[in-house]
Amino acid sequence: MVVGDISTGTEVLVIGAGPGGYVAAIRAAQRDLDVTLVEKDAYGGVCLNRGCIPSKALITGASLAHEAGNAEEMGIHADPAVDMSQMSSWKDDVVDRLTGGVEKLCKANGVNLIEGEARFKDDGSVRVAHGGDGQGSESIDFQHCIVATGSRPIQIPNFEYEDAPVWSSKDALETDAVPGELLVVGAGYIGMELSTTFAKLGADVTVVEMLDDVLPGYEDDVSRVVRKRAESLGIDFHFGEAASDWREQGDGIVVATETEDGEESSYDADKVLVAVGRSPLTDTLDIENAGVELTENGFIDVDDRMRTSVEGIYAVGDVADRGPMLAHVGSKQGIVAAEHIAEEPVAYDAQAVPAAVFTDPEIGTVGMTQAEAEKEGFETVVGQMPFNASGRALTTNHSEGFVRIVAEEQSGFVLGCQIVGPEASELIAEVALGIEMGATLEDITSTIHTHPTLAEAVMEAAENAEGQAIHTLNR
Amino acid sequence: MVVGDISTGTEVLVIGAGPGGYVAAIRAAQRDLDVTLVEKDAYGGVCLNRGCIPSKALITGASLAHEAGNAEEMGIHADPAVDMSQMSSWKDDVVDRLTGGVEKLCKANGVNLIEGEARFKDDGSVRVAHGGDGQGSESIDFQHCIVATGSRPIQIPNFEYEDAPVWSSKDALETDAVPGELLVVGAGYIGMELSTTFAKLGADVTVVEMLDDVLPGYEDDVSRVVRKRAESLGIDFHFGEAASDWREQGDGIVVATETEDGEESSYDADKVLVAVGRSPLTDTLDIENAGVELTENGFIDVDDRMRTSVEGIYAVGDVADRGPMLAHVGSKQGIVAAEHIAEEPVAYDAQAVPAAVFTDPEIGTVGMTQAEAEKEGFETVVGQMPFNASGRALTTNHSEGFVRIVAEEQSGFVLGCQIVGPEASELIAEVALGIEMGATLEDITSTIHTHPTLAEAVMEAAENAEGQAIHTLNR
Amino acid sequence: APSETESPSGRVFAPPSVRRLARELGVDLASVSGSGPSGRVTEGDVRSAAEGADAGGDGES
Ligand SMILES: Cc1cc2nc3c(=O)[nH]c(=O)nc-3n(C[C@H](O)[C@H](O)[C@H](O)COP(=O)(O)OP(=O)(O)OC[C@H]3O[C@@H](n4cnc5c(N)ncnc54)[C@H](O)[C@@H]3O)c2cc1C
Ligand SMILES: Cc1cc2nc3c(=O)[nH]c(=O)nc-3n(C[C@H](O)[C@H](O)[C@H](O)COP(=O)(O)OP(=O)(O)OC[C@H]3O[C@@H](n4cnc5c(N)ncnc54)[C@H](O)[C@@H]3O)c2cc1C
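Residue numbers (our numbering), protein chains in the order written: chain U, 45 to 519; chain E, 45 to 519; chain L, 2 to 62.
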């Protein structure tokens, strides 16, 4: 032990106060465990400070301004001016309210909060270095530890986030000025959400993506709806190209790209936003001192109780090798870890993990696609309802997209749902509950759905799967 | 039979092509029955032509213009001008698309469409008088009949809808100009939706209501959120007053009101909108010729298969004495009647009828309130989540209101849910499915909810009922 | 036999598909004891109640 270290003990040590860690800490404290939560940066983690929350705030602002400026058809004549630094400080207020809330909720539930960076000494203790120079450190012994250190943006060669014209998603979310020309590298969900936002705010946006479509991983007819809309917002896509380098030119920059065959292109821009994915944060944790096993990609290996290879040490959230890197997955895993420590019969056994992309329109998915279900050996039946046949969608003037529901043919059990369209992120909640409860198509179609709502489209898709839709023709 | 009458026969005769009737007709045709649908006015009934759909379209338009004009806080500076006649024709386009769709869907499913007004000759036939003068009539014999004639706005003494300054909801929805001063009689859901809409469009709105609050029937803390917001939009409320008369004055009118104690007041206005409820449309149907029994209030008496007192004759929708007068209730009942005729084991046995009010913010409710559940003998537990603790709500800049969930204490079965807040009409769908499925609080809290969404607030309310909410303090 | 946690006003907790099956098979839901969480009535409960009735049994299999 370093001289001057204070050494304390805790039943449960949580490292990282993102949606995985703070939820785990609160739940463990609710189970009357003695809990210490260490955070080196800001309460709420990536999600609240530079992920989910600020991105969704800017999406709201950009969409409102854009929509109001493009509603002549509805008789609305406006030419909104956006003060970006004002929009940004409104967004900061939202973030501050929520991160302040997290801190308060932790305290109210009796969680001990410690600011600093934790590193494992061995499999029963960490040293926490407090922020700033010479502020000392302390040693904490734990009975159980939950690692929730999250992830960081992947960097690509030649694009250093320290350079002003090179943006990570964090930089994009913190800007006070809309760039005239923005080059976005990567058309995954973060790239697409931010491209759409900046296009709506008036930037001239170009997206380069190594693969051959936007939103890899989503079905073609789902991503097509988002790509078409993005194109209609003026976004230029270049597929099959990887960003290779950049240099300054005049006031701006030039970004070079390369295809697999070595064909080169270059694009003028003011900023280049690199959004090519995120990698788990395990390298600043001395995790080898605890003997915790990692996968080849650097994630922490866990079982369905979120236990690592070392007894008493758990991992949850982006850093854990289980489920997609999403905030609600981390929170659920945090609850599982906390309740498992409290000796409850819990498991991370979700049948259906919903996910949303907050593009225009939104995407909401849960469970299996038809292809996935068939691969699993299910005989499937599928039903679909286009939003342009939905009364509610037409009255909101947003009627692109559709709901698709996938069920097991014989039993009618709902297996999955893909929604692209207005409020898709909210609509998916009903189907997630349905799948978790083992609902059949009939259960969904027998449930009265309020008129006029977008949720009726879920019911209609299920009716279509049964061959008896009312508002769309049955195939 | 009148000379010149053609007499035809049909297995199923449906009278009225509103959401009760056209859905019944399509479903009956899907069951390979020979179906004839008679409509005297417009396909889609009140709902599509002068109810749900046009009102929601104007709410969208008014809200977008209002919101964009009041978003300085978010850095959006706009001063939208609304061209009301353009907004109105956009709304008409939406209506036309949907009513055209209904007609097409009926035909595609093989429903015979007849335009005209049906009156019962006896319990096995009707005469249909075709529109216009001298266009003749025809007689139709039926094996089964589904009466879906809907409802009309209640008229109050001295306020004739034929007079130009006196508006029914239909007139309000058809206007091409926003009145300078609008007096609204009645603060039920239709009155409140339209008051809010016209206030956002710039009218100076005053509401008089006989009872002592807005939205009678809703719990105080629910209606309070809507009233406060309406007041902040500049709407003036006068409770305990009934409109008694009106007269012209200068370019406008003066409306007189009276309290129960006979105290009189008067209000200047340009238009007076009377929205005091709707009554079933049974008096233009010669229904006594069929021997069908009515309740004292003029509704058609039905059982849970939607059968009237006369064998073979069913009634559904607003005209039937079962469930609230709402479009989705009518559609569900239409399906029950059609499937019962097709000899399926169906019943109108909904455990939970969701309802929405499209005010600002919206209200969505389903199942029982706590008071209702206790009255039924349940021991209840209740959980609540305020939207101002929801990350998604804050990022949309709409964080008023809350989700409340009511469950049976011992079993945890969810009994009801009251939501007032953003997208309440959509959020209620998850809980409706849950109640129908017999979900417990644990089923809801164990289901992963996408972050950041408003639907998380449903999960949080359920966690709060369990005493273990993460984002709000547990009571 | 009715479940021990019988609800007030005879409310039975069962999904719509199960309620419909009960009507189809002529089973009185209120007389079925639910084997699901908190006594929720399942498809299997209704089917065995129907078989029990057919076999002249007491609904318990
Ligand atoms: C732009 C963007 C948008 C996104 N949008 C969404 C969305 O809409 N929905 C969604 O579900 N997900 C979204 N995500 C992903 C989401 O942010 C992550 O999945 C989530 O934050 C993961 O939570 P976590 O708790 O695992 O880790 P994090 O949120 O990354 O938190 C980890 C915390 O641990 C701290 N920490 C790390 N190491 C140490 C240490 N040694 N000692 C002490 N503290 C440490 C970090 O400072 C950090 O606060 C988005 C991400 C980005 C970048
Ligand atoms: C302003 C307003 C807003 C509303 N908003 C909502 C909402 O958001 N959500 C909701 O659920 N409900 C809403 N409603 C209520 C909804 O419109 C009704 O519940 C619904 O229309 C009832 O459907 P129905 O099929 O019973 O009757 P109706 O829609 O009234 O249709 C009856 C049809 O029968 C026809 N008809 C009547 N008599 C005869 C005859 N003798 N021969 C032939 N045809 C005949 C009529 O012309 C009419 O087309 C609203 C109503 C109004 C007025």
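Positions of the beta carbon are idealized from the N, C-alpha and C atoms, including for glycine. Bear in mind the structure is a predicted one, so any value in this text is a computation, not a measurement.
- When 7 angstroms is used as the limit between beta carbons, U:Ala513 is near no residue of chain L, the shortest such separation being about 18 angstroms.
- CA-to-CA, the gap between U:Ser169 and U:Leu329 works out to about 12 angstroms.
- Nearest C-alpha to E:Tyr311 among E:Val252, E:Gly89 and E:Asp265: E:Val252.
- Cα atoms of E:Ala125 and U:Asp78: separation of roughly 59 angstroms, rounded to the nearest angstrom.
- Fully enclosed beta strand (DSSP E) runs of no fewer than 3 residues occupy 446-452 and 458-465 of the segment 432-500 of chain U, in order along the chain.
- Secondary structure note for U:Arg163: it is in no alpha helix (DSSP H), and the uninterrupted beta strand (DSSP E) holding it is Glu161 to Asp166.
- Taking one beta carbon from each stretch, the segment 148-166 of chain E and the segment 68-87 of chain E have 3 or more pairs nearer than 8 angstroms; the two touch.
- For E:Ala192, the shortest C-beta to heavy atom distance toward ligand 2 is below 8 angstroms.
- At a cut-off of 8 angstroms, the beta-carbon of E:Ile59 counts as near ligand 2: some heavy atom of the ligand is closer than that.
- Boundaries of the beta strand (DSSP E) around U:His188: Ser181 to Val191.
- U:Met503 sits away from U:Ile479, with the two beta carbons spaced by 9 angstroms or more.
- Here E:Thr403 is not near E:Ala216, since their CB atoms are 9 angstroms or more apart.
- Ranked by Cα distance from U:Gly224, the first of U:Thr303, U:Ala313 and U:Ser213 is U:Ala313.
- Look at U:Gln293 here: in three-state DSSP terms it is strand.
- Interface residue (Cβ-Cβ distance to chain U less than 9 angstroms): E:Asp127 is classified as such.
- The C-beta of L:Ser39 comes closer than 9 angstroms to at least one C-beta of chain E.
- Within the same chain, Ala274, Leu277, Thr403 and Asp404 come within 7 angstroms of E:Thr240 by CB-CB distance, once the 5 residues on both sides are set aside.
- Rounded to whole angstroms, U:Leu157 and U:Tyr66 show a C-alpha spacing of 10 angstroms.
- Its Cα nearest to that of E:Ser353, the residue E:Ile190 stands out among E:Ser129, E:Ile190 and E:Gly154.
- Listed as beta-bridge partners of U:Ala300 by DSSP are U:Asp289 and U:Ser310.
- Within the segment 381-407 of chain E, the residues whose Cβ lies closer than 9 angstroms to some Cβ of chain L are Glu388, Pro389, Val390, Ala391, Asp393, Ala394 and Gln395, listed in chain order.
- E:Val346 and E:Thr52 have their C-alpha atoms roughly 27 angstroms apart.
- Close to E:Met481, with beta-carbon spacing below 7 angstroms, are these residues of chain L in chain order: Pro16.
- Residues of chain L whose Cβ lies closer than 8 angstroms to the Cβ of U:Asp312 do not exist, since the nearest Cβ in that chain is about 59 angstroms away.
- E:Phe281 has a beta carbon lying at 9 angstroms or more from every beta carbon in chain L.
- Approximately 4 angstroms separates the beta-carbon atoms of U:Thr439 and E:Ala101; this is inside 8 angstroms, confirming the contact.
- Within a 10 Å sphere around the beta-carbon of E:Gly335 sit fewer than 16 other beta-carbons, which makes this residue exposed.
- Taken through DSSP and simplified to helix, strand or coil, E:Gln428 comes out as strand.
- With distances taken between CA atoms, U:Thr409 lies nearest to U:Tyr262 out of U:Leu317, U:Tyr262, U:Gly119 and U:Glu204.
- For L:Thr43, DSSP assigns no beta-bridge partner whatsoever.
- Between L:Glu25 and chain E, the shortest Cβ-Cβ separation is below 9 angstroms.
- In terms of beta-carbon proximity, U:Trp211 stays away from the interface with chain E, with every pair separated by 9 angstroms or more.
- According to the DSSP assignment, U:Asp137 belongs to the alpha helix (DSSP H) that extends over Met128 to Ala152.
- Chain E places a beta carbon closer than 9 angstroms to that of L:Arg21, counting this residue as a contact.
- Following the DSSP letters along the chain, one finds E:Tyr66 inside the alpha helix (DSSP H) bounded by residues Gly65 to Gln74.
- Taking CB atoms only, L:Arg12 has a neighbour in chain E less than 9 angstroms away.
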